Amino acid sequence: MPLFEWSDAIAIGNEQIDDDHKHLIGQINKLFAGISSGQGDQVLGEVLDELLRYVEAHFQREEALMQQIDYPDYEWHKAAHDDLITEVMEWRSQHDAGLMVSPMSVFCSLEEWLFHHIKVCDANLGVALRAAGRNDKP
Ligand SMILES: [Fe+2]
-16 MPLFEWSDAI
-6 AIGNEQIDDD
4 HKHLIGQINK
14 LFAGISSGQG
24 DQVLGEVLDE
34 LLRYVEAHFQ
44 REEALMQQID
54 YPDYEWHKAA
64 HDDLITEVME
74 WRSQHDAGLM
84 VSPMSVFCSL
94 EEWLFHHIKV
104 CDANLGVALR
114 AAGRNDKP
C-alpha cells in the first residue's frame, strides 16, 4: 500500500494538472518504498531522473495556464518551480558524483515541498482557473 493516497481534497480541478500531481506523488511513494526495502540509494537515482524528466514539463503546463489567464502570482509561482528544479538538479549531480545524498532527507524535502505547493500554491491557481472558466470541474 502506498504511503500517500491521492485524494480529491487536493485536486485543483484541472485534469491534466491533477494527473501530473498523482504521478509526482507516485514518485514520492516510490522513494519511500525504496528506502523501506533497503534500496534507497538506487531508487533515489531513478526518482531524481524521473523528476528531472517530468517536473519541468509539468511546471511548464502550469505556467502556460497561468499566462493564459494573466495570473497575478505568476512570477512568484514560477520562481518556486525554478527553485525546486535547481534543488533536484543539485541532488542529481551530487548523487552522480558519488557524494552521499541521504534518500530520507530528499524524501522529507520533496514530501514537504510538494504537498505544501499543491495544497496552497496550486490550489490557489485552481481557484483562479475556475474563476476564468478554465477548469474541467466546476
Ligand atoms: Fe505549481
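Quick note: the sequence shown uses the working numbering, first residue -16, plus one each step. Even for Gly, the Cβ is constructed at its ideal location relative to N, Cα and C. These figures come from a predicted structure and were not determined experimentally.
Taking Cβ positions, are residue i and residue j nearer each other than 8 Å?
i: L7; j: R75; result: no
i: Y54; j: L108; result: yes
i: K61; j: E46; result: yes
i: V71; j: H78; result: no
i: I0; j: D105; result: yes
i: L35; j: F90; result: no
i: I68; j: E29; result: no
Leaving aside the five residues before and after residue i along the sequence, list all residues of the same chain whose C-beta is less than 6 Å from its C-beta, in chain order.
i: H64; result: F42
i: A115; result: I52
Compute every distance between the C-beta of residue i and the non-hydrogen atoms of ligand 1, then say whether any falls below 7 Å.
i: E45; result: yes
i: C104; result: yes
i: H4; result: no
i: H99; result: no
i: H78; result: no
Leaving out five residues on either side along the sequence, give the residues of the same chain with a beta carbon under 8 Å from the beta carbon of residue i.
i: M87; result: I18, G23
i: I101; result: I(-7), I(-5), H4
i: A16; result: P(-15), L(-14), V26
i: L112; result: I(-5), G(-4), N(-3), L48, I52, N118
Which same chain residues, not among the five before or five after residue i, have their C-beta less than 7 Å away from its C-beta?
i: E(-2); result: D119
i: W(-11); result: K5, I8
Please specify which runs of the beta strand (DSSP E), each continuous and at least 3 residues long, are wholly inside the segment 8 to 95, giving them in chain order. none
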